[in-house]
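A.B. asks:
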Amino acid sequence: MLLLSAYPVAGWLGSTIPRGSGENDQSAEVTIMVETNGTHTGVVVPVANAVKDWRETFPSAARPRPQDGQLPTHLGIGWGEREVFLNVAEWSDLKLATAARIALDGGEPLMRVSPYVRPMPSASYRPLTISAANYRRLVKRIEASLPRLAPGEQRQELRASYTADAYYPALGTYTLLHTCNSWVGDMLAAGGIEMGAWTPFAGGVTKWIPVPGASADLAI
0 MLLLSAYPVA
10 GWLGSTIPRG
20 SGENDQSAEV
30 TIMVETNGTH
40 TGVVVPVANA
50 VKDWRETFPS
60 AARPRPQDGQ
70 LPTHLGIGWG
80 EREVFLNVAE
90 WSDLKLATAA
100 RIALDGGEPL
110 MRVSPYVRPM
120 PSASYRPLTI
130 SAANYRRLVK
140 RIEASLPRLA
150 PGEQRQELRA
160 SYTADAYYPA
170 LGTYTLLHTC
180 NSWVGDMLAA
190 GGIEMGAWTP
200 FAGGVTKWIP
210 VPGASADLAI
């Protein structure tokens, strides 16, 4: 019981301690987004630019979206627990036994890749523009969470209840200390974005990312 009450307090404190930004005076060249549904966060990146073509990493990024046949312009990339990603469409579907297993023993991770077409900035999709050098660092850090493939090997792709999304095996272990949101915090910090030292909750990530102003240009 003490652990349950201490964990959210520790998460709030950890997310309040800043990690320094690496941007300095570098020019802002690549627009990314931080997406959130209030519980889970992810990093939204362009499908391809001069730094990285994600179609070379995720086969699903090169295919039209099943819901409308459009090719994605952006990808939402998140990291999370395998059983939750594949079998829990709504939080009401999460079984107590599953939650207890993850809390006590950890879980196997997957990377979820969601296809978007010109996502509009909002409180749920918060844009940031960073330098090409820091975007390259962000890309490298995301790729470090994926297993290396042998020459000619195809990356395994899984599907779940969200049929537009694709899921790929990832590295690491999902635990109370290393959650989907702390993974996002680590990725953003690698990209030179000021972020909390430990961000196990979505709010710990998003409190560092401003909501776009109503007068801002919303087209990216």
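0 is the number of the first residue of the sequence shown in numbering that gives the first Met the number 0; add one for each residue after it.
Think of the CB as a built atom: it goes at the ideal place given N, C-alpha and C, for glycine as much as any other residue.
Please report the residue range of the beta strand (DSSP E) in which G79 lies.
C.D. replies: Run containing G79: H73 to E80, per the beta strand (DSSP E) assignment.
A.B. asks: Distance, Cα to Cα, G184 vs D67?
C.D. replies: So the two alpha carbons sit approximately 32 Å from each other.
A.B. asks: Looking at the secondary structure, which residues open and close the beta strand (DSSP E) in which T128 lies?
C.D. replies: Its beta strand (DSSP E) spans residues Y124 to I129.
A.B. asks: Round the Cβ separation of L74 and V50 to the nearest angstrom and send it over; I've been treating them as touching at under 8 Å.
C.D. replies: Not really, about 14 Å apart at Cβ, beyond 8 Å.
A.B. asks: Under the assumption that M110 contacts L137 (Cβ atoms under 8 Å), give the Cβ distance between them as a whole number of angstroms.
C.D. replies: With a Cβ gap of about 14 Å, M110 and L137 do not count as contacting.
A.B. asks: With the cut-off set at 9 Å, would you say I141 and V33 are in Cβ contact?
C.D. replies: Against a cut-off of 9 Å, the Cβ pair of V33 and I141 comes out as no contact.
A.B. asks: Looking only at DSSP bridge pairs, what is T30 linked to?
C.D. replies: T30 is bridged to T128.
A.B. asks: Pull the bridge partners of T40 from the DSSP assignment, please.
C.D. replies: For T40, which the question treats as bridged, DSSP gives the partners T35.
A.B. asks: According to DSSP, which residues form a beta bridge with L109?
C.D. replies: For L109, which the question treats as bridged, DSSP gives the partners G79 and P168.
A.B. asks: For T162, is the classification buried or exposed, using 16 other Cβ atoms within 10 angstroms of its Cβ as the cut-off for buried?
C.D. replies: With fewer than 16 Cβ atoms within 10 Å of its Cβ, T162 is classed as exposed.
A.B. asks: If distances are taken between C-alpha atoms only, which option among L148, G13 and V8 comes closest to A196?
C.D. replies: Comparing Cα positions, the closest option is G13.
A.B. asks: Count the other CB atoms, across all protein chains shown, that sit within 10 Å of the CB of S181; report buried if there are 16 or more and exposed otherwise.
C.D. replies: Under this definition S181 is a buried residue.
A.B. asks: With respect to the alpha helix (DSSP H) encompassing M186, which residues constitute its N-terminal and C-terminal limits?
C.D. replies: C179 to A189 is the extent of the alpha helix (DSSP H) around M186.
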